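In the working numbering, the protein residues as written are 34 to 133. C-beta: ideal position from N, C-alpha, C; glycine also. In this text the structure is predicted, and so the values were computed from the model without any measurement. The structure under discussion appears below in the form of structure tokens.
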Amino acid sequence: MPKELDVAKRAKVIEWLKTEMLDQVSRLFKALWEGSTARISDSLASLIMSSYILGRRLGISFKDMDDLLIEKLKKHKQEGHQLEDWYKDISALEDHMRKR
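This is the structure:
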């Protein structure tokens, strides 16, 4: 494939992934409004998946994304994030990520 076509294809895929994420956020908000647990879960899973794939298309490996997420969780814990103080959500997610 000529380099120009490859660059155009990569740019198009990145733009498509960005619109896919916006679509999933919209679906999530609608599911929250309707109270549909199945649709909420589906939208959240799609957002996570699209985030990882977009990162990969931008040159960030899945492992690097995992490592960056763990570092961010550590930082939030150290800074006393409200979700950590109130519910220990940050610690729970960090534990989950480390056990994967």
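Pairing Arg-60 with Ser-76 gives a Cβ-Cβ distance under 8 Å.
For Glu-112, no alpha helix (DSSP H) run applies, since DSSP gives it neither H nor E. The residues Ser-83, in chain order, have a CB closer than 7 Å to that of Glu-53 in the same chain once the five nearest residues on each side in sequence are set aside. Within the region 39-120, the runs of alpha helix (DSSP H) at least 4 residues long that lie entirely inside it are, in chain order, 70-90, 95-111, 115-120. Around the beta carbon of Leu-101, a 10 Å sphere encloses fewer than 16 other beta carbons of the protein chains shown; the residue is thus reported as exposed. Arg-131: member of the alpha helix (DSSP H) spanning 122-132, first to last residue. Our two residues, Leu-106 and Ile-93, have alpha carbons roughly 18 Å apart in a direct line.
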